[in-house]
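Number of protein chains: 2
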Amino acid sequence: MSTTAAEIAAAWRRERPGTPTDSIEVFTPIVRLAKLLTDDRTRVLRAAGIDRATLDLLSVLRRAGPPYTLTTRELTERTLVTAGAISQRVARAEQEGLATRAPDPSGHKAVAVTLTAAGHEVIERSVDAVLGRDSELVAGLSAEEQDLLIPLLGKLEGFVRTRVG
Amino acid sequence: MSTTAAEIAAAWRRERPGTPTDSIEVFTPIVRLAKLLTDDRTRVLRAAGIDRATLDLLSVLRRAGPPYTLTTRELTERTLVTAGAISQRVARAEQEGLATRAPDPSGHKAVAVTLTAAGHEVIERSVDAVLGRDSELVAGLSAEEQDLLIPLLGKLEGFVRTRVG
DNA sequence: GTCTAAACGTTTAGCCCTAAACGTACCAGG
DNA sequence: CCTGGTACGTTTAGGGCTAAACGTTTAGAC
Numbered sequence: 015m016s017t018t019a020a021e022i023a024a025a026w027r028r029e030r031p032g033t034p035t036d037s038i039e040v041f042t043p044i045v046r047l048a049k050l051l052t053d054d055r056t057r058v059l060r061a062a063g064i065d066r067a068t069l070d071l072l073s074v075l076r077r078a079g080p081p082y083t084l085t086t087r088e089l090t091e092r093t094l095v096t097a098g099a100i101s102q103r104v105a106r107a108e109q110e111g112l113a114t115r116a117p118d119p120s121g122h123k124a125v126a127v128t129l130t131a132a133g134h135e136v137i138e139r140s141v142d143a144v145l146g147r148d149s150e151l152v153a154g155l156s157a158e159e160q161d162l163l164i165p166l167l168g169k170l171e172g173f174v175r176t177r178v179g
Numbered sequence: 015m016s017t018t019a020a021e022i023a024a025a026w027r028r029e030r031p032g033t034p035t036d037s038i039e040v041f042t043p044i045v046r047l048a049k050l051l052t053d054d055r056t057r058v059l060r061a062a063g064i065d066r067a068t069l070d071l072l073s074v075l076r077r078a079g080p081p082y083t084l085t086t087r088e089l090t091e092r093t094l095v096t097a098g099a100i101s102q103r104v105a106r107a108e109q110e111g112l113a114t115r116a117p118d119p120s121g122h123k124a125v126a127v128t129l130t131a132a133g134h135e136v137i138e139r140s141v142d143a144v145l146g147r148d149s150e151l152v153a154g155l156s157a158e159e160q161d162l163l164i165p166l167l168g169k170l171e172g173f174v175r176t177r178v179g
């Protein structure tokens, strides 16, 4: 059994009265849930022989629709990782034949990343498994509870984005 | 500007009708918030010359109260990382003089990890900075909104824990 | 045209984690 | 005893990320 967020906050107040603990009960479960979910997804995908970072990359390209092409900069904007990480992801995907890199003719010095047929096949094969699994996990909340939760998370994410990095 | 969770779900439905998208609007903001928060915390702590993993370790020991000692197994239970990661964290903290390792006299083959005076000082110096920062970020929601959000997150975390690893 | 500033992508060093293999200590049954 | 099982902690191989330094291309000022 793991320590609850409420217990962590109480422990700080007991040990160090005056410690600002008001964020703990909100952020601790968020960080924990994210870890549980991403670790679980990593395991699901390993069984399918693919890694999570590559799946994220292929997903973004697949969702873009035909011709399944985005520049490195667009990928960076859509994925919340650094440009360096995108560069590494694309290099790995290219290595495995799941995506290709080509100069983009849109002015600027841009690189166009495109899904290959093999990459398309991988994403079609994995996306339902991954999202189906997530679907099972989100079912711990009723539809009404989810409708309550979603706007609160959206508001919090928006606020945090204005204050970080 | 980044893609919203609603846009991601809509894109999947447009590109692949039938894709199970009901989890996306819940889990996407959770995973994103966790990344924004942990990356931000990493930066705050780097400015103070300490890394996040070490702070987590020292925090757990500090919250335990005098004599600030826990076994490796207890640390593992309280932190959601593997025993191997704890072993590495403790080794780093020991290297820097922030914690010590000693055989635990409680039967079994256990290792007792204890906060040193230097470790105690580091945690006292950092915890208010970190939690104060989090406090600013959680203020994007009103107290009422937080009271609505907390039990929903708790319920979801509990459910997910029963279904994963 | 030329030159400077900005945009873009890649590379590298360093950090941290997981999973799995491993070594060792304790305990209970025969 | 002693022997197998179990609990505990450590080590290692490999993956992924960030930040920062870097090289290159493009656009704009003049």
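Residue numbers (our numbering), protein chains in the order written: chain A, 15 to 179; chain B, 15 to 179. Built from N, CA and C at the ideal position, the CB exists for glycine as well. None of these values were measured; they are calculated from a predicted model.
CB of residue i to nearest heavy atom of the ligand NAD: below 8 Å?
i, result
"B/Arg30", "With respect to small molecules bound, the structure shown includes none, and the ligand NAD cannot be examined in it."
Kindly indicate if chain B contains any beta-carbon less than 9 Å away from that of residue i.
i, result
"A/Val178", "yes"
"A/Ala31", "Residue identity check: residue 31 of chain A is Pro in the sequence provided, not Ala. Judged by the 9 Å Cβ criterion, A/Pro31 is not in contact with chain B."
"A/Leu180", "A query on residue 180 of chain A cannot be resolved here, the shown segment of chain A reaching from 15 to 179 and no further."
"A/Thr114", "no"
"A/Gly63", "no"
"A/Val136", "no"
"A/Val120", "Reading the sequence as shown, one finds Ser at residue 120 of chain A and not Val. It does not; no Cβ of chain B falls within 9 Å."
"A/Ala97", "no"
"A/Ala132", "no"
"A/Ala25", "yes"
"A/Ala19", "yes"
"A/Gly146", "yes"
"A/Gly111", "no"
Using a beta-carbon distance below 9 Å, is residue i in contact with chain A?
i, result
"B/Lys123", "no"
"B/Gln102", "no"
"B/Glu150", "yes"
"B/Leu129", "no"
"B/Arg60", "no"
"B/Arg139", "no"
"B/Glu108", "no"
"B/Pro34", "yes"
"B/Ala126", "no"
"B/Gly154", "yes"
Give a yes or no on whether the C-beta atoms belonging to residue i and residue j are separated by under 9 Å.
i, j, result
"A/Thr83", "A/Leu75", "yes"
"B/Ala19", "A/Arg77", "no"
"A/Ala126", "A/Thr85", "yes"
"A/Glu110", "A/Thr68", "yes"
"B/Arg183", "A/Ser16", "With chain B covering only 15 through 179, there is no way to say anything about residue 183 of chain B."
"B/Gly79", "A/Arg28", "yes"
"A/Arg60", "B/Leu94", "no"
"B/Ala113", "B/Gly133", "yes"
"A/Arg87", "A/Ala124", "yes"
What whole-angstrom Cβ distance do residue i and residue j have, given they're in contact under 8 Å?
i, j, result
"A/Ile164", "B/Val152", "Incorrect: roughly 18 Å between the Cβ atoms, too far for contact."
"A/Thr42", "A/Ile22", "6 Å"
"B/Thr128", "B/Ala116", "7 Å"
"A/Ile44", "B/Ile44", "6 Å"
"B/Leu166", "A/Glu159", "6 Å"
"B/Val178", "A/Asp36", "Contact doesn't hold; Cβ gap of about 28 Å is too wide."
"B/Leu155", "A/Leu162", "Incorrect: roughly 13 Å between the Cβ atoms, too far for contact."
query = Taking Cβ-Cβ distances below 8 Å as the criterion, which residues of the stretch 38–58 of chain B are in contact with chain A?
reply = Ile38, Glu39, Val40, Phe41, Pro43, Ile44, Val45, Arg46, Leu47, Ala48, Lys49, Leu50, Leu51, Thr52, Asp53, Asp54 and Arg57
ask   = For the stretch 67–93 of chain A, which residues have a CB atom closer than 7 Å to at least one CB atom of chain B, in sequence order?
value = Going along the stretch 67–93 of chain A in chain order, one finds Arg76, Arg77, Gly79, Glu91 and Arg92 with a Cβ nearer than 7 Å to chain B.
request  = Determine contact between the stretch 43–51 of chain A and the stretch 164–171 of chain B, defined as no fewer than three beta-carbon pairs at a distance below 8 Å.
outcome  = A contact exists between the stretch 43–51 of chain A and the stretch 164–171 of chain B.
inquiry  = Can you confirm whether the stretch 132–147 of chain B touches the stretch 26–35 of chain A when touching is taken to mean that 3 or more C-beta pairs between the two stretches lie within less than 8 Å?
reply    = yes
ask   = Counting pairs of beta carbons, one from the stretch 96–105 of chain B and one from the stretch 147–161 of chain B, are three or more of them closer than 8 Å?
value = no
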